[in-house]
Amino acid sequence: MLKYEQNQDGTVSFRVNSKLYPLKAIYRAAYLFTDRYYIGLDLKDENYIISFSRKDRTADYKDVGEFQNELLNQSMKTALNDETRDIRKLIVTRALYSAFIPDAENEFSNTGDEMENQEIYNFSETPEKETEAYDLDEIAKAWCDE
Numbered sequence: 020m021l022k023y024e025q026n027q028d029g030t031v032s033f034r035v036n037s038k039l040y041p042l043k044a045i046y047r048a049a050y051l052f053t054d055r056y057y058i059g060l061d062l063k064d065e066n067y068i069i070s071f072s073r074k075d076r077t078a079d080y081k082d083v084g085e086f087q088n089e090l091l092n093q094s095m096k097t098a099l100n101d102e103t104r105d106i107r108k109l110i111v112t113r114a115l116y117s118a119f120i121p122d123a124e125n126e127f128s129n130t131g132d133e134m135e136n137q138e139i140y141n142f143s144e145t146p147e148k149e150t151e152a153y154d155l156d157e158i159a160k161a162w163c164d165e
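Here it is in structure tokens:
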């Protein structure tokens, strides 16, 4: 449990190690408490100092415990977000890529004057320089084919 100080003005202050908890997690946890608390954040040495007070009563031990639980929750979400960033990008890229390629039976049709001069982009005619960063065929390949 985080050690906290009960101040004379009814606020509660405690320190959070900046090496243990990412700032993004602290912001997220604090944001979730703004409906019930007034929250202040500060930095001293290697610790974030979090001060908060209830809007309707004096903050206490239970409030600090709730904040600590939410801080752990948000820290875990931040870590999972960092760990899965690459696969999520790949999934979105693949979904957008496969949604963009028209079927041979369902070709785009020009239906209006504004469409007459537009070209349909053909991925098979992509210059080599543009495809060096990633292989479009590899992205489009079904995962179950591997």
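Each residue of the sequence shown is one higher than the last, beginning at 20 in the numbering used here.
Note that the Cβ used here is the ideal one computed from N, Cα and C, for glycine as well.
With a minimum length of 3 residues, there is no unbroken run of beta strand (DSSP E) contained wholly in the region 69–110. Contact fails between the region 57–64 and the region 89–99, because fewer than three Cβ pairs, one in each stretch, are under 8 angstroms apart.
For E24, same chain residues with a beta-carbon under 6 angstroms away, outside a window of 5 residues either side, are S32 in chain order. The residues V35, L60, Y67, I69, L90 and Q93, in chain order, have a CB closer than 8 angstroms to that of I45 in the same chain once the five nearest residues on each side in sequence are set aside. Taking all protein chains shown into account, A98 has fewer than 16 neighbouring C-beta atoms within 10 Å of its C-beta and is therefore exposed.
Within its own chain, the residues whose Cβ lies closer than 8 angstroms to the Cβ of Y40, once the five positions on either side in sequence are excluded, are Y67, L90 and S94, listed in chain order. Boundaries around K63 are those of the beta strand (DSSP E), Y56 to K63, since no alpha helix (DSSP H) includes it. In this structure, K74 sits near Y56, with a CB-CB distance shorter than 8 angstroms. Across the set I58, Y116 and K81, the C-alpha of K81 shows the shortest separation from the C-alpha of K22.
Annotated three-state conformation of F52 is coil, per DSSP. Secondary structure at Y40: coil, using DSSP grouped into helix, strand and coil. Of all alpha-carbon atoms in R76, L109 and R104, the one lying nearest the alpha-carbon of G29 is that of R76.
For F119, no pairing in a beta bridge is given by DSSP. A114 sits exposed, since fewer than 16 C-beta atoms from the chains shown fall within 10 Å of its C-beta.
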